[in-house]
C-alpha cells in the first residue's frame with residue numbers, strides 16, 4: 001500500500017498554489033502507481049462503463065448536484081458552474097485516496113506521461129493523444145494547452161538561468177512573467193523566446209510551415225540552430241524576429257525563410273481570449289451560437305437531445321478550452337476539435 005499523500009497538499013495542487021517542490025512530490029506520488037494493478041484494465045467494456053456510471057452517480061449524489069440515480073431517467077441537466085467548480089475541487093481531494101489510483105493509472109489513459117531522469121532532474125514528456133485540448137501546468141505555474149497530437153517535454157524543476165521546454169504540434173502558452181529566467185520554447189525548426197505573454201506556436205513534422213501568433217505581450221522567434229550541438233542563447237540576438245499582438249512570425253522550412261507579418265487575430269488565437277459570458281438557464285442550442293461568435297469557431301451537435309440540456313453558467317475569465325472542459329465534465333458529453341470545428345456528442 002502506498003504512503004497516502006496529504007489531502008491539504010492535493011487541495012493546494014488543485015488551486016494552483018503548490019511550490020515547485022510540492023508539485024514534484026505530487027507527481028512522484030502519482031507515478032508510484034504506474035506498476036500496480038489498476039483493477040480496471042481487465043474489466044470488460046460493459047463492466048467498465050457500469051463502474052464509470054456508478055462512480056459518476058455516487059459523486060453526484062454525495063455532492064447534491066442532481067437527483068439522478070442509476071436506473072432512473074435523467075432530468076435535463078442544470079449546472080451552476082461557479083458552485084460546481086468549488087465543490088468539485090473539494091470532492092477531488094476527499095476522493096483522491098480511494099479513486100485516483102483506479103482512474104489515473106488506467107492503461108488506456110489518453111494523456112501519455114513518461115518520465116526520463118536526467119542527472120537529478122526528471123524530464124516529463126506529455127503527449128495529447130485525445131481529440132480534446134489538454135492543459136498542462138508547468139513548474140513555474142505557466143499553462144500550456146496541447147491540441148490533439150501535440151507533445152511537450154519539460155523538467156520537474158527549471159534551471160536557475162532559464163525555463164526551457166520542447167514541443168511538437170500546436171500549443172498555446174500563458175507564461176508566468178520572470179525577466180530573470182527567460183522562457184524558451186524549442187520546436188522542430190524554430191526557437192521562441194517569451195517575455196511574459198500568451199501566444200500560439202504551431203510546428204510539427206508534417207508541415208512545411210511553422211508559425212507563432214501573439215495574443216498578448218511579445219515574443220521573439222528565430223530559426224533553430226542546426227546540428228545536435230546547436231546552442232540556444234538565453235539573450236535576444238540580432239537574428240530574431242520580435243512580434244506583438246496582431247502579428248505572426250512565419251518560418252518556411254523548405255526556403256529557410258523567417259518573416260513577421262501583420263495579421264488579424266486568427267480563429268486559433270481567438271479561442272484563447274478570456275471572456276466573461278453568463279447564461280441564465282439557457283438551453284445548449286441557444287448557447288452554442290454565442291460561443292461560435294465569441295471564439296470564431298463552428299460548434300455542431302451530433303446528438304439532438306443535448307440541445308435540450310439547460311445551463312446556468314457563469315464563464316468569468318474563461319477561454320474556449322476552459323468552457324469545453326466545463327461542459328464536458330458537468331454534462332458528461334464528449335467533444336472533438338479540428339482547427340475551428342468542434343463537435344459535441
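In the UniProt record's numbering, the protein residues as written are 1 to 345. Positions of the beta carbon are idealized from the N, C-alpha and C atoms, including for glycine.
- In this chain, residue 160 is not harboured by any beta strand (DSSP E), its DSSP state being neither H nor E.
- Check the Cα spacing between residue 124 and each of 263, 143, 151 and 286: the tightest is with 151.
- Under the 10 Å beta carbon count, residue 147 is surrounded by 16 or more other beta carbons and is classified as buried.
- Within the UniProt domain "Protein FecR C-terminal" (277–342), the complete beta strand (DSSP E) segments at least 3 residues long are 298–301, 310–318 and 335–338, listed from N- to C-terminus.
- One Cα belongs to residue 269, the other to residue 236, and the distance between them is close to 25 Å.
- In the displayed model, residue 265 falls within coil according to three-state DSSP, outside both helix and strand.
- Residue nearest to residue 279 within the set 199, 252 and 287 is 287 (criterion: CA-CA distance).
- In the structure shown, the three-state DSSP call for residue 195 is coil.
- By a beta-carbon distance limit of 8 Å, residue 310 does not contact residue 344. Their separation comes to about 15 Å.
- A distance of 8 Å or more separates the beta carbons of residue 209 and residue 185.
- Looking only at 302, 240 and 292, the smallest Cα-Cα distance to residue 323 is reached by 292.
- In the displayed model, residue 13 falls within a helix according to three-state DSSP.
- For residue 247, the enclosing beta strand (DSSP E) stretches over residues 247–252.
- Within the same chain, 189, 190 and 191 come within 6 Å of residue 224 by CB-CB distance, once the 5 residues on both sides are set aside.
- The alpha-carbon of residue 140 is positioned some 8 Å away from that of residue 158.
- In the structure shown, residue 28 adopts helical secondary structure according to DSSP, grouped into three states.
- Here residue 257 is exposed: its Cβ has fewer than 16 other Cβ atoms, across all protein chains shown, within 10 Å.
- Looking at 198, 171 and 276, the one whose alpha-carbon comes closest to that of residue 135 is 171.
- Ranked by Cα distance from residue 183, the options 234, 145, 212 and 320 are led by 234.
- Straight-line spacing of the CA atoms in residue 180 and residue 319 works out to 28 Å.
- Of the other Cβ atoms in all chains shown, fewer than 16 fall within 10 Å of the Cβ of residue 285; this residue is therefore exposed.
- Setting aside the 5 residues that flank it on each side, residue 266 is surrounded in the same chain by 213, each with a C-beta closer than 7 Å to its C-beta; the list follows chain order.
- Per DSSP, the unbroken beta strand (DSSP E) holding residue 122 starts and ends at 121–128.
- Residue 211 is positioned such that its CB atom lies no closer than 8 Å to that of residue 175.
- Non-local beta-carbon contacts of residue 307 in its own chain, meaning distances under 8 Å to residues more than five positions away in sequence, involve 283, 284, 285 and 301 in chain order.
- Taking a C-beta distance under 8 Å as the contact criterion, residue 149 and residue 128 qualify as a contact pair.
- Residue 341 counts as exposed, since fewer than 16 other beta carbons sit within 10 angstroms of its beta carbon.
- Judged by DSSP in its simplified three-state form, residue 21 adopts helix.
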